[in-house]
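Here the protein sequences come in this chain order: X and Y.
When we follow this note's numbering, the leftmost residue of the first sequence carries the number 89, and every step to the right adds one.
When we follow this note's numbering, the leftmost residue of the second sequence carries the number 1413, and every step to the right adds one.
We treat Cβ as the ideally placed atom computed from N, Cα and C, and that holds for glycine.
Since this is a predicted model, take the numbers as computed values, not measurements.
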Amino acid sequence: MKRTRIAAIAMAAACLAGAFAGGGTESQGSGSKKLTIWAWDPNFNIAIMNEAKARYAAANPGVEIEVVDMAKADVEQKLLINLSSGVSDGLPDIVLIEDYNAQKYLSSFPGSFADLTGKIDHSKFAPYKVRLMTMGGKTYGVPFDSGVAGTFYRKDVLEAAGFKAKDLENITWDRFIEIGEVVFKKTGVSMCAFDPTDGGLVRIMLQSAGSWYFDKAGKPNLAGNAVMEAAVSTYAKLIASPATMKTSGWSEWVGAINSGKAATISTGVWIVGSVKAEASQSGKWAVAPIPRLNVANSVNASNLGGSSWYVLNQSKAKDTAIDFLNAIYAKDNDFYQKILVERGAVGTFSPSQSGTAYMNADAFFGGQKVFSDFSAWMNKIPSIEYGSYTYEADAAIAAILPEVYKGSSVAAALKNAQTQLVSQIQE
Amino acid sequence: MKSIRYRGEPSTNLTGWLFVGAAVLLCATFCLYPIISSFLLSFQTGRGNQIRFNGLGNIRRLFQDAVFHQALKNTFVYFIFQVPVMIVLALSIASVLNSPKLRFNGLFRTAIFLPCVTSLVAYSVLFRSMFSLEGLVNHTLLRLQFISAPIPWLLDPFWAKVLIIIALTWRWTGYNMMFYLSALQNIEPSIYEAARIDGAGPLSQFRLITIPMLKPIILFTSVMSTIGTLQLFDESMNITLGGPSNATLSISHYIYNVLFLFTPNFGYAATISYVIVFFVAILALIQFKISGEDNA
Chain X
89 MKRTRIAAIA
99 MAAACLAGAF
109 AGGGTESQGS
119 GSKKLTIWAW
129 DPNFNIAIMN
139 EAKARYAAAN
149 PGVEIEVVDM
159 AKADVEQKLL
169 INLSSGVSDG
179 LPDIVLIEDY
189 NAQKYLSSFP
199 GSFADLTGKI
209 DHSKFAPYKV
219 RLMTMGGKTY
229 GVPFDSGVAG
239 TFYRKDVLEA
249 AGFKAKDLEN
259 ITWDRFIEIG
269 EVVFKKTGVS
279 MCAFDPTDGG
289 LVRIMLQSAG
299 SWYFDKAGKP
309 NLAGNAVMEA
319 AVSTYAKLIA
329 SPATMKTSGW
339 SEWVGAINSG
349 KAATISTGVW
359 IVGSVKAEAS
369 QSGKWAVAPI
379 PRLNVANSVN
389 ASNLGGSSWY
399 VLNQSKAKDT
409 AIDFLNAIYA
419 KDNDFYQKIL
429 VERGAVGTFS
439 PSQSGTAYMN
449 ADAFFGGQKV
459 FSDFSAWMNK
469 IPSIEYGSYT
479 YEADAAIAAI
489 LPEVYKGSSV
499 AAALKNAQTQ
509 LVSQIQE
Chain Y
1413 MKSIRYRGEP
1423 STNLTGWLFV
1433 GAAVLLCATF
1443 CLYPIISSFL
1453 LSFQTGRGNQ
1463 IRFNGLGNIR
1473 RLFQDAVFHQ
1483 ALKNTFVYFI
1493 FQVPVMIVLA
1503 LSIASVLNSP
1513 KLRFNGLFRT
1523 AIFLPCVTSL
1533 VAYSVLFRSM
1543 FSLEGLVNHT
1553 LLRLQFISAP
1563 IPWLLDPFWA
1573 KVLIIIALTW
1583 RWTGYNMMFY
1593 LSALQNIEPS
1603 IYEAARIDGA
1613 GPLSQFRLIT
1623 IPMLKPIILF
1633 TSVMSTIGTL
1643 QLFDESMNIT
1653 LGGPSNATLS
1663 ISHYIYNVLF
1673 LFTPNFGYAA
1683 TISYVIVFFV
1693 AILALIQFKI
1703 SGEDNA
């Protein structure tokens, strides 16, 4: 009880502080051209936004831009609370939203985000990305980074087990598991590391076959979906393989590759910074296309994560905000070259992908032109609609994984997941 | 004594109201209004601000929601197993520390009380790393040859629950111990002396004197701990993230998911929060009833 009371007091105090703080910015903001931007990850999104800010400020000295760094969960919570309170004073002008959440925000708070159709040339961006931010024929948002997937692997370890780069091209996950078991037997190094409670790889597998948790009408599509069944049983096979190291949470997962305990990591291109963080492994890494599922439509290209910029409709400096995003993110090719070199950020702005930085050979990856490869794979990513309920579906899949690991039928487990999902998304 | 006539003296009345006015106003704004507003909200549903009245639909949904049932079950498992373990542990430690023969007992008291003043998030993060597959705990147990393979604390539904119970016990035992210590110091030493003369050993003293004398405090701490468990959030959120497969998800954590992880449904989240209110009210009622009988 005491804890609750203290929490209540703290909350009340925070509300008061918030009210005063809100009042402060309001009086300051009127008339002047000040942009506030919310994003997360100081080494990636924030650093990139600061670069964009410097470029825009050089041409537009009258505009003041403040980039606010918060944890991802904080950005989402603050945005949600502010939008649902109906008070716009506390909101930023531009906010970063994860692609999986885009439809959720657009449909939960209609009219809160600025319609950018015709204001930004969306034809210059990767089509799968534009589709995610389109609702009712209107396109909101400016596409930002791609989560194009790839398999980063230790060339030295795989070569010690007798595998060449060619052996990892155009393969299925089943073949990947076979290779892994040989690698593990011959070198003692785990083929990959996974968190058995995390379904991120299931999403990669689904999108590689142009399928998703939901069908085109937005109805749950878990039970009786052949791609879904293939993805879950492949994932279970992967987890059951002795060559797979089991980890819990992000830092153990990344630690597995940095410490040399795991030989590959299959995920979105944004992991590149974490792979390169271990400088002593320079020259030993290479990147292969992501394996595909053993179903008809699956291709060796997919996506995991990625996010985009959105302008708030009630922003006092809406036009400036749109102009800023348009000038940098939808036009400045040089900007994309710089963030690629400095941050490993693969944008979805198509003209940038023929730029010089994309053509550079990377010594860390033994001279492979990794970003040129990633851009080629990006254009092959099957375009799907995530819908509003990615995380509900994710939770439903996570809930059935333990029974699948124990050997129960995947089809039956997916039926249970479907039941859970249907009850979770009712309104 | 003359009775005061309020009706004829409006000025006295006004002064009184002015005195309590500030408190009433604050209480109404920050306590009463949110309670009423959230109660109304609990009968509405919809995503984000697309909200509409739904009658008893949310309550009907509660009965069909498998994840909510899982969260409810988890929470009950926590307090059925964790609260008794912690109470017994706290009571035993308190009676040991209360012994006048024990040296440095201030040091021990502080050491055992310290966990409950540490930051919830900090200790959760530490627990998470200590209990990881290759963490300190598994390493130690393997080295001491208590186990032959590392325990999947965070990956197995059963062990994850055990981990949450260990964490809760570590953090809150000292807090409850303090209540017992202060209550123990209120027991008249002459009672123990008389018992000793009558030939009662330390164990029967504990059973026949200490426990009955501490009964109201034991009841109080049990009810408080149970309420605390019902509101459990930080541990579930930070140590296990509610997983694996919702095995450690608490009710409060589920409310958080409904609001912030899933498509936001403020109405349904409010309904779930009233489930906690419901259980807390029942427990508080039980406590009032039992302690009331004691006083009579």
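Give the DSSP-derived three-state secondary structure of residue i in the structure shown.
i, result
"F1700 of chain Y", "helix"
"G117 of chain X", "Any reading at G117 of chain X needs caution, since the residue's pLDDT is 39, under 50, leaving its predicted position unreliable; the model's value is listed next. Helix, per DSSP."
"L123 of chain X", "strand"
"W465 of chain X", "helix"
"D244 of chain X", "helix"
"M223 of chain X", "strand"
"M158 of chain X", "coil"
"T332 of chain X", "strand"
"V230 of chain X", "strand"
"D516 of chain X", "Any answer about residue 516 of chain X is impossible in this case: the structure gives chain X only from 89 up to 515."
"E340 of chain X", "helix"
"E257 of chain X", "coil"
Taking the alpha-carbon positions, what's the residue i to residue j distance?
i, j, result
"K195 of chain X", "W373 of chain X", "A small fix is needed here, since residue 195 of chain X is Ser in this sequence, not Lys. Computed Cα separation, rounded: 42 Å."
"E408 of chain X", "T227 of chain X", "Correcting the residue type first, residue 408 of chain X is Thr in the shown sequence and not Glu. If I take the Cα positions, the gap works out to 18 Å."
"D482 of chain X", "C280 of chain X", "21 Å"
"L289 of chain X", "Y323 of chain X", "8 Å"
"K160 of chain X", "F1700 of chain Y", "44 Å"
"K273 of chain X", "T352 of chain X", "15 Å"
"I472 of chain X", "T222 of chain X", "12 Å"
"L428 of chain X", "Y446 of chain X", "8 Å"
"F1451 of chain Y", "G1460 of chain Y", "17 Å"
"Q1643 of chain Y", "S1662 of chain Y", "8 Å"
"K206 of chain X", "V218 of chain X", "Looking at the sequence provided, one finds Gly at residue 206 of chain X rather than Lys. So the alpha carbons of these two residues sit roughly 13 Å apart."
"T1530 of chain Y", "L1503 of chain Y", "22 Å"
"F213 of chain X", "L1580 of chain Y", "50 Å"
"N504 of chain X", "Q514 of chain X", "16 Å"
"S118 of chain X", "L220 of chain X", "Here the model assigns S118 of chain X a pLDDT of 39, short of 50, so the residue's position is not dependable, and the following value carries that caveat. About 33 Å."
"G1655 of chain Y", "Y1686 of chain Y", "24 Å"
"A253 of chain X", "S1454 of chain Y", "58 Å"
"V375 of chain X", "G238 of chain X", "7 Å"
"M137 of chain X", "D181 of chain X", "14 Å"
"L1626 of chain Y", "A1595 of chain Y", "7 Å"
"Y493 of chain X", "V320 of chain X", "10 Å"
Cβ closer than 8 Å: which chain X residues qualify as neighbours of residue i?
i, result
"F1672 of chain Y", "A161, E164, Q165, L168"
"V1432 of chain Y", "Correct list: empty, because the minimum Cβ distance to chain X is about 19 Å."
"R1459 of chain Y", "K192, S195, S196, S476, E515"
"Q1476 of chain Y", "S511"
Residue i and residue j look like a contact to me (Cβ under 8 Å); what is the Cβ gap, rounded to whole Å?
i, j, result
"N1470 of chain Y", "Y1668 of chain Y", "Actually they do not touch by this definition, with Cβ atoms about 17 Å apart."
"W358 of chain X", "G393 of chain X", "7 Å"
"L1394 of chain Y", "T1683 of chain Y", "Because chain Y spans 1413 through 1708 in this model, residue 1394 of chain Y falls outside it and cannot be assessed."
"A331 of chain X", "E269 of chain X", "5 Å"
"P215 of chain X", "L1567 of chain Y", "P215 of chain X to L1567 of chain Y, Cβ: 39 Å. No contact."
"F1498 of chain Y", "T1585 of chain Y", "For clarity, residue 1498 of chain Y is Met in the given sequence; the question names Phe instead. That belief holds up - the Cβ atoms of M1498 of chain Y and T1585 of chain Y are roughly 5 Å apart, short of 8 Å."
"G454 of chain X", "G371 of chain X", "5 Å"
"I378 of chain X", "V363 of chain X", "So it is not a contact: roughly 15 Å between Cβ atoms."
"A297 of chain X", "N385 of chain X", "5 Å"
How would you list, in chain order, the residues of chain Y whose beta-carbon sits under 7 Å from the beta-carbon of residue i?
i, result
"Q506 of chain X", "Going along chain Y, no residue has its Cβ under 7 Å from Q506 of chain X, so there is no contact; the nearest lies around 12 Å."
"K503 of chain X", "Per Cβ cutoff of 7 Å: no residues; K503 of chain X is ~13 Å from chain Y at best."
"A486 of chain X", "G1655, S1657"
"P490 of chain X", "P1569, P1656, S1657"
"Y479 of chain X", "L1673, F1674"
Note down, in chain order, every chain X residue with its Cβ under 7 Å from the Cβ of residue i.
i, result
"F1678 of chain Y", "S172"
"R1473 of chain Y", "Q514"
"S1544 of chain Y", "S336, E340"
List the residues that DSSP assigns as beta-bridge partners of residue i.
i, result
"N391 of chain X", "X:V236"
"Q456 of chain X", "X:D450"
"L184 of chain X", "X:W397"
"P308 of chain X", "X:F302"
Name, please, each residue of chain Y whose Cβ falls closer than 8 Å to the Cβ of residue i.
i, result
"F272 of chain X", "Here the premise fails: no neighbours, minimum Cβ distance about 17 Å."
"P284 of chain X", "L1567, P1656"
Just the chain X side, please: which residues come within less than 9 Å of residue i by C-beta, in chain order?
i, result
"R1521 of chain Y", "Simply none; closest approach about 19 Å."
"V1479 of chain Y", "A483, A484, A487, Q508, S511, Q512"
"Q1699 of chain Y", "Chain X residues near Q1699 of chain Y: none, gap ~11 Å exceeds 9 Å."
"Q1462 of chain Y", "S195, S196, F197, P198, E515"
Quick one: which chain Y residues come within Cβ less than 9 Å of residue i?
i, result
"L400 of chain X", "By Cβ distance, chain Y contributes nothing, its closest Cβ being about 14 Å from L400 of chain X, past 9 Å."
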